[in-house]
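So the structure is just underneath, and the comments pick up after that.
In C-alpha cells:
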C-alpha cells in the first residue's frame, strides 16, 4: 500500500482496514484522499483506484 | 482506457484467460521467451500496466499489476501478485518508485498512448526501463487484427495497432530512448504449431516485437 497514490492528484492516501486475511493482507477497507475528499474502496483484496468519474459511470455492471 | 473497453474485457474475462492455455499457447510461449531474454538486466521493482488476468505477470515474475478490468483482476489475484484496479492514463502510484514498467500488448487498447507512456515515465526511477511488447501494424498479425477491427470484432474494434516508427516516436515524445529490440512469431496466423526462439532486431515479418527503452534524464 506504500506505493499507492491518488490517481487524480497523486497525493497521499489514508488506509482504513475493515477485514484482514491471515497473511495480514487487506481484504476490505478503503483508501482516502483528503485533498480530493474521495474514498477508494478495497474489495476482495483488490484496491479499486479507478478515477472517481469512471467508477461512478461503471457502478452496477 | 474508456469505460466501454473496460466492460468488454470484463465480459470476456474467462474466455480471454483460457486463450493463453488453448489456441494461444504457442503464441504466448513464444512471446514469453522473447521477453525473458531481457529480464536479467531489468531493475526492480517491476510493474505491469494492463496486466489483465496476470498471465505475463506470473510467467515473468513481475511484482505488481495494474488493470481497469475488475473481472480480469479477480483471476490475476489468484496468481499471487499484488494487483490494483486503475487506468494507465491516471496511474495510482507515487512518482519515481519502479525500476521497470511493462506494457505487453496493452498500448494498443488505450485511448491515449502518449498519456500512458508519460505516466510510465513519471513512475520510473531515473535509471528505470520500459518494456513494450507490441503487435506491429506492418506485420501479418497486425494486418489480421486490423481486418478483425474493421469487421467489428468485439475486442479488436477498440484496438489501434501502431507501426514500428510510430511506436518509436511515441516513446521519444514521452521521454524514452530505445535500447534494444527483439522480435518473434514469424509463423503466420492460423499456422502456429511450435514455440519460436526470438531474434534480435526489428522485422516486419515478426508478429510480436519487444522494445526495451531507457528513461531520458536531464543529464543525457
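Protein chains in written order, with this note's numbering: chain L, 1 to 61; chain P, 1001 to 1220.
The beta-carbon is built from N, C-alpha and C at its ideal position, and this holds for glycine as well.
Item                                                                                                                                                                      : Value
What is the DSSP secondary structure of residue 1004 of chain P, reduced to helix, strand or coil?                                                                        : Since pLDDT at residue 1004 of chain P reaches only 39, below the 50 mark, its modelled position is unreliable, and the value read off the structure follows with that caveat. Helix at residue 1004 of chain P.
Could you please give the first and the last residue of the uninterrupted alpha helix (DSSP H) stretch that includes residue 1028 of chain P?                             : 1025-1036
In chain P, which residues lie with their C-beta within 7 Å of the C-beta of residue 23 of chain L?                                                                       : Neighbours of residue 23 of chain L on chain P: none; closest Cβ ~11 Å, over 7 Å.
My assumption, with CB atoms under 8 Å, is that residue 1117 of chain P sits in contact with residue 1171 of chain P. Please give the rounded CB distance.                : 7 Å
Given a limit of 9 Å on CB to CB distance, which residues of the stretch 1087-1099 of chain P reach chain L?                                                              : 1087, 1089, 1090, 1091, 1092, 1093, 1094, 1095, 1097 and 1098
To the nearest angstrom, how far is the alpha carbon of residue 1061 of chain P from that of residue 1200 of chain P?                                                     : 23 Å
Please decide whether residue 1115 of chain P counts as near chain L, where near means a Cβ-Cβ distance under 8 Å.                                                        : no
Is the CB of residue 1146 of chain P under 8 Å away from at least one CB in chain L?                                                                                      : no
Which bits of chain L does residue 1102 of chain P rub up against, with CB to CB less than 9 Å?                                                                           : Result: empty, since nearest Cβ-Cβ is about 16 Å, beyond 9 Å.
Would you be able to state if there are at least three C-beta pairs under 8 Å between the stretch 1079-1095 of chain P and the stretch 1061-1071 of chain P?              : yes
Going by the DSSP bridge assignment, what does residue 1043 of chain P pair with across the sheet?                                                                        : Its beta-bridge partners do not exist; DSSP assigns none.
Does the beta carbon of residue 1043 of chain P sit closer than 8 Å to a beta carbon anywhere in chain L?                                                                 : no
Can you pull the DSSP bridge partners for residue 29 of chain L?                                                                                                          : L:17 and L:42
Residues in its own chain within less than 6 Å of residue 1180 of chain P by CB, not counting five upstream and five downstream?                                          : 1212
So residue 45 of chain L contacts chain P; which residues on that side make the cut at Cβ distance below 9 Å?                                                             : 1077, 1082 and 1083
Can the beta-carbon of residue 1216 of chain P be found less than 8 Å from the beta-carbon of residue 1177 of chain P?                                                    : yes
Could you round the C-beta distance between residue 30 of chain L and residue 40 of chain L to whole angstroms and report it? I think they count as a contact, below 8 Å. : 6 Å
Tell me whether residue 1124 of chain P is buried or exposed, calling it buried when 16 or more other Cβ atoms sit within 10 Å of its Cβ.                                 : buried
What are the partner residues of residue 1067 of chain P, as DSSP defines its beta bridges?                                                                               : P:1085
Express the C-alpha separation of residue 1019 of chain P and residue 37 of chain L in angstroms, rounding to a whole number.                                             : 41 Å
Within 10 angstroms of the Cβ of residue 1197 of chain P, are there 16 or more other Cβ atoms? Answer buried if so, exposed if not.                                       : exposed
Within 8 Å of any Cβ in chain P, is that where the Cβ of residue 39 of chain L sits?                                                                                      : no
In terms of residue numbering, what span does the beta strand (DSSP E) encompassing residue 985 of chain P cover?                                                         : Because chain P spans 1001 through 1220 in this model, residue 985 of chain P falls outside it and cannot be assessed.
Would you mind sorting residue 1182 of chain P into buried or exposed? The rule is 16 or more other CB atoms within 10 Å of its CB.                                       : buried
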